[in-house]
Structure formats: structure tokens, C-alpha cells
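Q: Protein sequences appear in the order of chains A and B. With my numbering, you'll find the first sequence wraps up at 365, consecutive numbering, no jumps. With my numbering, you'll find the second sequence wraps up at 284, consecutive numbering, no jumps.
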Amino acid sequence: MALLEFRNLTRRFGDLSAVNDVSLAIEAGEFFTLLGPSGCGKTTILRMIAGFDAPDAGDILLDGVSLAGVPPEKRPLHTVFQSYALFPHMTVAGNVAFPLEMAKKSALEIRCRVNETLALVHLEDKADSFPHELSGGQKQRVALARGLVNKPRLLLLDEPLGALDAKLREEMQVELIALQREVGITFVFVTHAQQEALALSHRIAVMRNGRVEQCDEPDKLYTQPANRFVADFIGKINLIDVEVAVSTKVLLTLKAPGLGEIAAADPRPLKAGERGAFALRPELIRVHGHKESADLKNRFAGTVRELLYLGDVTLYKVALADGQVIEALMPNAAPGRAKFHEVGDPVWVCWRHDAGVFLKD
Amino acid sequence: MNATRWLVTLPPTVFLLAFFLAPALIVVAASFREPGEFGGLAPFVAPSLEAYRFLFDDIIYAEIFARSFLVAALTTLICVVLAYPLAWLIARSPAKRRDLLVLLVILPFASNFLVRIYAWIMLLGPVNLLYTPFAVIAGMVYVHLPFMILPLYTNLEKHDPALLEAAQDLGASAWTRFWRVTFPLSLPGIFSGAALVFIPVLGMFAVPELLGGTGDMLIGNLIKEQFLDNRDWPLGAALSIMLTVAVLALAGLAAWGARRGLHGTEAVS
Ligand SMILES: Nc1ncnc2c1ncn2[C@@H]1O[C@H](COP(=O)(O)OP(=O)(O)OP(=O)(O)O)[C@@H](O)[C@H]1O
Ligand SMILES: [Mg+2]
């Protein structure tokens, strides 16, 4: 049985469906992420799990038992708030001890667990400091320690790294993964940063306008997005409008108006004439100067419009015959050589037939 | 820049020196003089400790001091208990209604203080509570309640609601949330309110005079009596100084206690 389950979860604010018919199951021990743009309903879901808000329809089940009517203080789960919400009048140790005191643990146990947990987040030497004496990253870790110390069944994290600068954010991501593995507590993590979601999660639910668009492992989401929105939201991608020409079990031929035929692979039986998008990651496209070296089936002539040298890779924006611009990411692997092409160069772009996916509209 | 600063700070400085420091020094000086035969001060011969000797010789003065502090403490306590729920309610109400509620709290100031006390005489007279200690305390609480509500409200309004949610999320019941989060964070507000109630109550003479009985005399009445009725200015001055010293000592003690016990609450005060 899943640890946490949403059944047709719905929350409306007036005419707005902030959460719309969401059904998901989260397994014990999972690092599960709700990912989506601002306003898509992530916080609303988290508040309903914590019990600060109640669904208008549907149900949330923990271990198969409905949480309806259970007040927040009685739910065996804790939240790490985006603003941290540390108690300003308590020391770091006092903050971390709070949930244990609420659970009426013995003084001895409280002392041991507080010390253990502070060691876990590398804050042993800050036990007697007050929150206003800490840096952002340290506050963040106190909030984590406070959420973890009483070993909840579930830890909810609402954009916990949102307030940190890029470098600290990356450090905390690494720590967060290690921490979750170490304590084995199920994490439900909320973010609008797709890279963060990909880096941290076992599974990600991509949300839009209160609905879950796709729920999958990070690599699945990246390589097999379910629709244009997911493809576009996660990572960089080229979307080419196409129509199915021929579909067989092994080969799918797509017709791109003004461009020609694209060879792809899709085991689904598709009807000829079906419209959609061909989604292709920039790093799976090669850019060549000679037609001969581009000996792949999908090969199109174009002109380099722009290039961005990024150190390890170069991003080429290539205008194709029909005028649409396609982005290709090429590693700068050759020693002593920075760029392979210049702006204005005529080039050939090509990709393997199994590089992209067809997304039905 | 410097000249502007001088220009801006000069008027209040002159005002305070002329109308606060000078009279205070005159009172100190007066306490070391002999009373004149028909009021005022006798011609200066030598500094006299007569007023202080008189004050310490008679236990009645110590009793009146003690009673005054008791009344002030009781008034402050009742004000805290009454003001807290009100301030909390105002702080929790929608932003638009808050201003109206605050206005209602300070509205009584729009009418004359003595008129309001006379109203209490009419209220308490028919139920036989006039001229009792109860009447004095009730009057004191009535007069000073807004001075407790306003600083408390200002403090409570700034509390981050996320803190209460965090406490609840971590397992705290409503009762525990109040005592572990709201109350400790509101201590600075309680302390400012207490100072604004306790100190004025100590010096207040109108309320006990109008609502209290013969046994309800407080320091304020005593001091007023020395200046206006007994014509013993040195004794009145000495009493005033004793009162000031006692209040300053108490304030110092409170500040010291606050520094030790209020760590972290500055964040919301
Ligand atoms: N209490 C409320 N009253 C009315 N509308 C609300 C309320 N809470 C949330 N909403 C609306 O519901 C939608 C979802 O809000 P929510 O806070 O869940 O978004 P989010 O995904 O967490 O966004 P963000 O990434 O910006 O935090 C938003 O359009 C928001 O305006
Ligand atoms: Mg949010």
C-alpha cells in the first residue's frame, strides 16, 4: 500500500480550481517532488496534506486511512516552511527540541535526539545560538533538523531552498539527497525549479493549473515527456509541428510542413494525418559543416544564426529551410579548439531516428 | 548637515531643560528646605533633612507607599488580563476593520477625564460600591486600559502567522501554541503596556479622591495634600522624590530582567 495517496483531490477558491482532480500515490521512502510554475497549486496541495486546508472534493489517505478531520497537530508529518518559521525566541536547540517536547519525550531522550539531529545537519556548534544569529543556509538546516528530529512518517518541504543563493542552493541539494537517504523518511518536496527537481527526486509530478500533467521518474520525464507542456517545462527542447505520414511498428514517418520528412520511432499505433509536435533535445542534434559527414537519415540544411559559447558546450541556433530556428548543443570536446562553426556558416543538422519523440496534440 | 542637526534638536532640548529638568531640580532642592509658615518655603538657612526624617519616622507613609504599589500592580495585572484578548482580537481582524477598532479603543480620550470619572460615580453609587477599594481599582483600570491595549496590539499585529502554523504542525495544541509562541513573543508589548499603566497609576490622585473612601489614600493624594492642603512643600517634595526613586529602581530592575529573559523577542517588538 502506498504511504500517501490522493484520490481525486480538488480545492477551489471561488471560480479558480487551485487543485483539480489530482490522484497520486507516494511510496514509503520516496523523494517525491511536485514541480510546476508559480500558481499551479503546489503549496495548496502541501497545505492540505499538513491539514491547514481541507479539500473541497476527494481525499488524502495516509497508510490507507483518510486524514479528513484530523487536525494538523495530530498528523504524523512535519513541514519545512519556505520562510523557515523558526521560533525567534528559542535557541537552535530549543527549536529542534520543540517537536520532541510536544510529543512528551523524556528530557534525556530530547537531549540525545537534539544532539544527534544537529550533528546530522552539521550544526552542533550552533546549538545555543538564536535564529537571528544564523546565516540563511544555517537557518535552513535548523528548519530541516526541526522537521526531522521526531522522525515523522512524512516530511513536507515547500521550496525550502528558494531563499538561498545559487551556490548554497547546490550545496544544500547535495546535503538534502544524502540526508533523505540517511534518515529514510519520505519527502514530499515542492519546487518550481526543474533542474532542482531532476537532481533530487525519485519521482516528479509535473503540475499545471491545478492538474498533474505527468508523474514519472526524472529520466522518463526528460526523455519521454507526455505532452508539449512537460517537454517545454523540463529542460531545453525543440518542438517542431508535424503530422503523421506513415506509422508502422518499427518506424514512424512524420511530415513537417516546409521541412520535409522526419524519421522517428514510436511503437504506438498512430493514424496517418494525426497532428502533434516532434520534440527533440538540443544535445541529441549534431551540427556538421559537410553533408558527407552528416550521414544520418534525418538531415536538414540550415544556417548558423547565433552561437553561445558556454565553455564545455556551445549552443548553436540554426535556421532551417522553412525559417524555423532549431537549437543544438554540441560538446567542445576537441582539445585546443573552441568552436566548430561561425555565425552565417551553412551547416547540416542531423539526428538519429530514435532521438526525438512524437507528442500528440 | 551638522548645523541642521543642531537646529532640529535645539528647541526640544531647550524645552526639556527649561520645563522638565529645572522644575525637577527645584523639587529636589525644596525637599531639603524647611516649610514656610503660610505655605511655600521658609527662608534658607542651612540644608535640612527634616522632611525625610519625618517621612521615615511615621510608618503610615510606608503603608501608603506599599498600598499604592499594590494598587498599581493589581491595576496593571487586571489591565493585562483584560487587554490581551481585546488586542489579540483586533490584531486578528481584517485589516480594514482594525483601524476602526483601534479608534474605538482611543475614543474615550475624546471626552474629559473628570467627566468620565463622574460617570463612574453615577454607575457605582446606586449599587453601593462607591468609596470602596473596588471602585478605585475599577476606575484605575478603566482609565488605563487603552494604554495596555495599544502597545499589545502593536506587538501582536507583527507576529508572523507562520510561527503558529509551524508550532501546530509540530504537534502543539492551541493552548500550548499560545503559551510557547504567542505569549513569550508578546512580552515586549506587555512590558511597554505595564510601564504605561503602572507608573501613571502610582501618581494618580483624582481617581482615589473621587471614587475611593478615606482609607484609600495613595501616594498621589498624599503629595497633592502636602502642596495644596497641609502647605508642607518640603515633605511633598521629599515624597515625590521617594516615588521617583522607587519607580526608577523598578524600571531598572525590569530592564535588567527583560535583557536576560527576552532574548529573540526583539525580532517582533
Ligand atoms: N487562500 C486563498 N484564497 C484564494 N486563492 C488562493 C488561496 N490560496 C491560493 N490561492 C490561489 O490558488 C492558486 C494556487 O496557489 P498555490 O499557492 O498553491 O500556488 P503554488 O503552486 O504554490 O505557487 P508558487 O510557486 O508561486 O508558490 C493560485 O492561483 C493562488 O492565487
Ligand atoms: Mg507555493
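Note that the Cβ used here is the ideal one computed from N, Cα and C, for glycine as well.
#1: Rounded to whole angstroms, what's the CA-CA distance from A:Arg303 to A:Pro41? Just pull it up for me.
#2: Is B:Leu115 closer than 8 Å to B:Phe162 when the C-beta atoms are compared?
#3: Using a Cβ cut-off of 7 Å, which residues of the segment 63–78 of chain B contact any Cβ in chain A, in chain order?
#4: Determine the chain B residues that contact A:Glu77 at a beta-carbon separation under 7 Å, and present them in chain order.
#5: Any residue with its C-beta under 5 Å from a non-hydrogen atom of ligand 1 counts. Can you list them all in chain order?
#6: Take B:Ile214 and list the residues in its own chain whose beta-carbon comes closer than 7 Å to its own, dropping the five residues that flank it on each side.
#7: Determine the closest residue to A:Gln199 out of A:Pro135, A:Ile64, A:Ala170, A:Gly188, with distance taken between C-alpha atoms.
#8: Can you tell me whether B:His159 is buried or exposed? The criterion is at least 16 other CB atoms within 10 Å of its CB, across all chains shown.
#9: What's the gap between the Cα of A:Arg51 and the Cα of A:Asp57?
#10: Can you find a CB in chain A that lies within less than 8 Å of the CB of B:Thr197?
#11: State yes or no: is the C-beta of A:Glu163 nearer than 7 Å to some heavy atom of ligand 4?
#12: How many Å lie between B:Thr169 and A:Leu363 at the Cα?
#13: B:Glu78 to A:Glu77, Cα distance in whole Å?
#14: I want to verify the contact list: residues of chain B whose CB lies under 9 Å from the CB of A:Ser21, in sequence order.
#15: Candidates B:Phe124, B:Leu70, B:Ala33: which alpha carbon is nearest B:Ser46's?
#16: In or out: A:Thr95 buried (at least 16 other Cβ within 10 Å) or exposed?
#17: Which class does A:Phe191 belong to by DSSP, given the choice of helix, strand or coil?
#18: On the premise that A:Ile30 lies in contact with A:Val194, defined as a C-beta separation below 8 Å, what is that separation, rounded to the nearest angstrom?
#19: Using a 10 Å radius around the Cβ and a threshold of 16 neighbouring Cβ atoms, would you call B:Phe128 buried or exposed?
#20: Would you say B:Glu180 faces chain E, with C-beta separation under 8 Å as the test?
#21: Among A:Thr37, A:Leu7, A:Ala6, which residue has its Cα nearest to the Cα of A:Glu221?
#22: Spatial neighbours of A:Ala147 within its chain, please: C-beta separation below 8 Å, excluding the five flanking residues on both sides.
#23: Counting only Cβ pairs nearer than 8 Å, list the residues of chain B close to A:Pro103.
#24: Specify, as a first and last residue, the run of the alpha helix (DSSP H) that B:Asn236 falls within.
#25: Of all the beta strand (DSSP E) runs that stay within the bounds of the segment 253–290 of chain A, which reach a length of 3 or more residues?
#26: Between A:Leu104 and the rest of its own chain, which residues show a CB-CB distance below 8 Å, the 5 nearest in sequence each way excluded?
#27: Consider the Cβ of A:Ser87: report whether some Cβ of chain B lies at a distance smaller than 8 Å.
#28: Would you say B:Ser284 faces chain A, with C-beta separation under 8 Å as the test?
#29: Given that A:Ala107 touches chain B, what residues does it touch there, using C-beta distances under 8 Å?
#30: Is it the case that the segment 118–127 of chain B contacts the segment 242–253 of chain B, given that we only count it when at least three CB pairs across the two stretches are under 8 Å?
#31: Please report the Cβ distance between A:Val347 and A:Val317, rounded to the nearest whole angstrom; I am assuming they are in contact, meaning their Cβ atoms lie under 8 Å.
#32: Check A:His196 in the structure and name its three-state DSSP category.
#33: Using a C-beta cutoff of 8 Å, does B:Leu200 count as contacting chain A?
#34: Kindly indicate if chain B contains any beta-carbon less than 8 Å away from that of A:Thr48.
A: The structure says:
#1: 35 Å
#2: no
#3: none
#4: Gln183, Gly186, Ala187, Ser188
#5: A:Phe17, A:Ala22, A:Ser42, A:Gly43, A:Cys44, A:Gly45, A:Lys46, A:Thr47, A:Thr48, A:His196
#6: Val262
#7: A:Ala170
#8: buried
#9: 5 Å
#10: no
#11: In terms of ligand content, the structure shown lacks ligand 4 and carries ligand 1 and ligand 2 instead.
#12: 57 Å
#13: 51 Å
#14: Under the 9 Å cutoff, chain B gives no residues; its nearest Cβ is about 24 Å from A:Ser21.
#15: B:Leu70
#16: buried
#17: strand
#18: At roughly 13 Å, the Cβ-Cβ gap does not stay under 8 Å, so A:Val194 and A:Ile30 are not in contact.
#19: exposed
#20: Reference to chain E is not applicable here, since the protein chains of this structure are A and B.
#21: A:Thr37
#22: Val84, Phe85, Tyr88, Ala89, Leu90, Pro164
#23: Leu185, Gly186
#24: 234–243
#25: 256–260, 264–268, 279–284
#26: Glu113, Ile114, Arg117, Val118, Val153, Asn154
#27: yes
#28: For B:Ser284, the predicted structure reports a pLDDT of 38, less than 50, and the residue's modelled location is therefore unreliable. A value from the coordinates is still provided. It does not; no Cβ of chain A falls within 8 Å.
#29: Gly186
#30: no
#31: Not a contact, Cβ separation roughly 17 Å.
#32: coil
#33: yes
#34: no
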